[in-house]
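Okay, so here's the structure we're looking at.
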Amino acid sequence: MSKKDSENVCFWLPNQTAGKMDVLTPHKMIVVFLIQEYLRLKKTVTDGQAHAEQPHQIEVSAGDRKRFCMLLLKLIQYPDLPYKELYALLLSPEYGVHPVHLEEFKKLMKLLKTVGIDVMFDLYNEIDKLIMDNTASFQIGIVGLYLRKVFVTMDRMSFHEMKDLYLATIAYYDKGMHAIRLEPGSDANYTDSDSFRQPPPNQYTPIEPSDHGSHSAKWSVKQSELFIAQQSALLKENEAKALPPKELQKRLNEIIHDRPHCSQAYFLSYMNNVRVREFFGAVHALQRVFDRTPSAGAPPPATSAGASEGKDYQYSSLNLAILHAEFGHPRLARACLRECVMLAQENGDPTCLQLAHAWLSHLEGHCMPLPDKTTSGSLFHATSLHILSHLRQGSIAGRRPSELFGLLMVNDLLNCQRSMMDLVATGIAERTALWTVYGKHEQASLCAQLLLNVELKSLDKTYNGNGICQVLCALVVRLAHLGEFGHALVVLQHAKQRFPRYPQSRDWHLTDHYVSVLRALYRGRFAEANAECQHLHSYDPHLALLQFAHVALGRQDFGTAETFLAQLLADEALAPLMRIRALLLSANVHIHNGQAKAFNQLNAAQMYAQKYHLQYEEALVNLHLAYLLLTHLHAPKQAFAALKAGLETILANGPLYDRARALFLFARTLVEMERHGATDGEEAWEETATTAQLQQLTTMLPTFEEAVEMFEKLECYSKAKDVYVYLARTYHELGAVEKRNRYSYRYRLLEEQYPTERQYLNVFL
362 MSKKDSENVC FWLPNQTAGK MDVLTPHKMI VVFLIQEYLR LKKTVTDGQA HAEQPHQIEV
422 SAGDRKRFCM LLLKLIQYPD LPYKELYALL LSPEYGVHPV HLEEFKKLMK LLKTVGIDVM
482 FDLYNEIDKL IMDNTASFQI GIVGLYLRKV FVTMDRMSFH EMKDLYLATI AYYDKGMHAI
542 RLEPGSDANY TDSDSFRQPP PNQYTPIEPS DHGSHSAKWS VKQSELFIAQ QSALLKENEA
602 KALPPKELQK RLNEIIHDRP HCSQAYFLSY MNNVRVREFF GAVHALQRVF DRTPSAGAPP
662 PATSAGASEG KDYQYSSLNL AILHAEFGHP RLARACLREC VMLAQENGDP TCLQLAHAWL
722 SHLEGHCMPL PDKTTSGSLF HATSLHILSH LRQGSIAGRR PSELFGLLMV NDLLNCQRSM
782 MDLVATGIAE RTALWTVYGK HEQASLCAQL LLNVELKSLD KTYNGNGICQ VLCALVVRLA
842 HLGEFGHALV VLQHAKQRFP RYPQSRDWHL TDHYVSVLRA LYRGRFAEAN AECQHLHSYD
902 PHLALLQFAH VALGRQDFGT AETFLAQLLA DEALAPLMRI RALLLSANVH IHNGQAKAFN
962 QLNAAQMYAQ KYHLQYEEAL VNLHLAYLLL THLHAPKQAF AALKAGLETI LANGPLYDRA
1022 RALFLFARTL VEMERHGATD GEEAWEETAT TAQLQQLTTM LPTFEEAVEM FEKLECYSKA
1082 KDVYVYLART YHELGAVEKR NRYSYRYRLL EEQYPTERQY LNVFL
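Counting the sequence shown from 1 gives a position; our numbering is that position plus 361.
Listed below in structure tokens is the structure:
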């Protein structure tokens, strides 16, 4: 067998030194014994059919063959198992072997102890014969490659090493049989399908400590590479299916113990530490990548091997630089980036080079534009991310929405053409965010549901990354705004289970605290709202200050509210959407203080809304203007004109709370217009005015009732009481005693059932 052929059968791997060659363990020898007995059984069945021997003919069904093939795949790809667990697999419903096969295997294991080391030498000759007899099927098959690896390794072993392997195999078998005999019912336990516990999916059975010296159970080169590749892909695409952090670190420690030169294991350890925010361990794992030393006496690596090592080093340097940059160590970050740039240039890796230059530009404080034309397919990913970043900056800078959505459509088309599912999901999540910013909450909800219902599969891999978490959080907020707090909690729990680790967990933590603040404000539980605002401050300081101002205004602590809002508005980096909402709250403070400055605040908010194309926020400004004109200036016609400008937008896209107070204000405005319209003329009679106002009030009663239902659905009973207070007072002024008593009684019942602090009544938040 030439070296080139051996590379084709994956025994000598690129970048593998002498110290990286697999070690034959008792587990691997047991697998060879199983293959040997299966091939003998298969040959017996074939010969029996050829000679038409009817009596005592052995039949091997397709199900038996399938189970054995799946068993071999599991035993070859997964790490070594104790004999007790391996024997349990032989008897399990999913991987169980043919009874004759199992019986012959038992006889061979007993013969191994009786005959002695001659069985090992016979096995060597038997493997050679099996390979020669099954050349066609063993040329590219997994079993053939496995047998070739074992054959070449045994060919290189000395007599002393063969003896040690034999003794280790005997000890491995004896230890397993002793554990089986200690089980009550022995084999019967394993044949019962109910008592056999199949390990959960994606969970690797722990390797028990072994006392077999150098032949203890170990991870082979291919097993460790497969495990690292699978877990890395799961952490990137679908973390929920990856091993838990503690279990994954245990497996990585085993791999590092067996293969201390494996840089991929250290890098996966770094990723595992980052997901639990163990940054000290993450830095240590990256530094360990550079501590590897080649085995003594190992041949020099080939050119491809050197390039592979360089790529390991360059991405480790890049991630180490990112950590130092996040920790505020620019000098160390620049040093790591210089090394990364040098290695990326040596290896000709444009993607890594672009990433390194981007971080270097970030540290230097200037923006590095991407090239106008991307000739390398590997840079499409970076280009798409650049477009998404441009969309976010454009929405903050006041770019026209039509331009941003047109650019987003082009980006989605490019991502779909190249099946970049992570960017497809991120693009839809970005579209959801843009619709939310521009006040089209129904469109945002449709985009979120589209992403959750679409099948994001590429090469049999389902994407489950940050974009999914963001739209789940958007749905939670939308459901909370609609008063569906139970459904919002269900979706939030789903997000917690689906994305349990950092950084995705930050999104649902923020959403959880925000919804809790919102619900506490609706209920008038200000102490609870304050506590949640303090938690929220760790995730979004601007949003937390805004909610602190909400709480203070609800308590009618106008001085504290003004302090929070002044601190918020003094920040030059405040987003336009947040600034407009802060100006609206500031206008509320001035309204209740009786200051005319409220008009200035509302005018400033309206200018910002028009400048940044925030249609929904402009409608809210019109709503507040109408409230101010109606209640403080007693100008219902002007209030109706202002309300009419934004009413359609609020009713079509607004949260339930905004819709309820808009309907309440709309009905009040029409009633007040009837009163003022009737008294404008000099010859108008008071009785006629009262009758007209009563008729208008009766006409608008369904609107008032609808507003009450919305407030009660949100558990905002203080606002429902505001409606009852208004109706009772209005009927009292109009002399309708019976209806006044009816709504007074309804107010009393609601107050007894849900008592509210008086200070919260009639606050138009």
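Even for Gly, the Cβ is constructed at its ideal location relative to N, Cα and C.
Query                                                                                                              : Result
Opposing strand residues paired with Leu599 [DSSP bridges]                                                         : Inspection of the sequence shows that residue 599 is occupied by Asn rather than by Leu. Asn599 pairs with Asn825.
Beta carbon proximity, Leu850 to chain B, threshold 8 Å                                                            : Included in the structure is just one protein chain, with no chain B present.
Where the alpha helix (DSSP H) containing Gly847 begins and where it ends                                          : 846 to 859
Every unbroken alpha helix (DSSP H) inside the region 1048 to 1104 [4 residues or more]                            : 1062 to 1074, 1078 to 1095
Sequence-distant residues of its chain with Cβ nearer than 6 Å to Lys801 (five each side left out)                 : Asn1014
C-beta contact flag for Val832 and Leu840 at 8 Å                                                                   : no
Distance CB(Ser624)-CB(Leu613) smaller than 8 Å                                                                    : no
Under the three-state DSSP convention, the category Pro621 falls into                                              : coil
Local conformation of Trp720 per DSSP, three classes                                                               : helix
Alpha carbon of Leu904 to alpha carbon of Leu897, nearest angstrom                                                 : 8 Å
Rounded straight-line distance, which links the Cα of Glu791 to that of Cys808                                     : 10 Å
Close Cβ partners of Thr320 (< 7 Å) along its chain, the five nearest in sequence each way excluded                : Outside the shown range of the chain, which is 362 to 1126, sits residue 320, and nothing can be said about it.
Phe640 - containing alpha helix (DSSP H), residue span                                                             : 640 to 650
When Ile478, Glu1067, Glu979, Gly1007 are compared against Val798, the one with the closest alpha-carbon           : Glu979
Same chain, Cβ closer than 7 Å to Ala943, five either side skipped, listed in chain order                          : Leu907, Leu926, Leu929, Leu930
Start-to-end residues for the alpha helix (DSSP H) that takes in Leu926                                            : 919 to 930
Cβ-based neighbour list, Phe741, same chain, cut-off 8 Å, excluding 5 preceding and 5 following                    : Thr735, Leu775, Arg779, Met781
Close-in-space but distant-in-sequence residues of the same chain around Ser678 (CB under 7 Å, 5 per side omitted) : Cys697, Glu700, Cys701, Leu704
Cβ-based burial, Tyr1106 [other Cβ within 10 Å; buried from 16]                                                    : exposed
Segment limits, alpha helix (DSSP H) that includes Glu455                                                          : Run containing Glu455: none; DSSP gives neither H nor E here.
Beta-carbon proximity check, Leu1026 vs Ala987, cutoff 8 Å                                                         : yes
Given 8 Å, three or more beta-carbon pairs between the region 1056 to 1067 and the region 1000 to 1010             : no
Beta-carbon gap between Val785 and Leu746 smaller than 8 Å                                                         : no
Terminal residues of the alpha helix (DSSP H) in which Glu978 lies                                                 : 976 to 992
Beta-carbon proximity list for Arg649, same chain, < 6 Å, skipping 5 on both sides                                 : Tyr627
At least 3 beta-carbon pairs within less than 8 Å: the region 878 to 890 vs the region 1066 to 1079                : yes
Cβ neighbours of Gln1114 in the same chain (closer than 6 Å, five flanking residues each side left out)            : none
Range covered by the alpha helix (DSSP H) that runs through Asn961                                                 : 958 to 972
Classification of Pro443 by the beta-carbon crowding that lies within 10 angstroms, buried from 16 upward          : buried
Own chain residues within Cβ distance below 7 Å of Ala590, not counting five before or after                       : none
Sequence-distant residues of its chain with Cβ nearer than 6 Å to Ala922 (five each side left out)                 : Ala910, Ala913, Leu914, Val950
Supposed contact pair Thr872 and Val837 - C-beta distance, whole angstroms, cut 8 Å                                : 5 Å
Identity of the residue in Glu487, Leu693, Met481, Ile503 nearest Tyr527 by Cα                                     : Met481
Same chain only: Cβ atoms within 7 Å of Ser363, ignoring 5 sequence neighbours per side                            : Its pLDDT being 41, under 50, Ser363 is placed unreliably in this model, and the coordinates cannot settle the point.
Among Lys611, Ala996, Thr1052, Ile617, nearest to Val1160 - alpha-carbon criterion                                 : This structure does not reach residue 1160, given that the chain is present from 362 up to 1126, and the question cannot be answered.
For Asn954, three-class secondary structure by DSSP                                                                : coil
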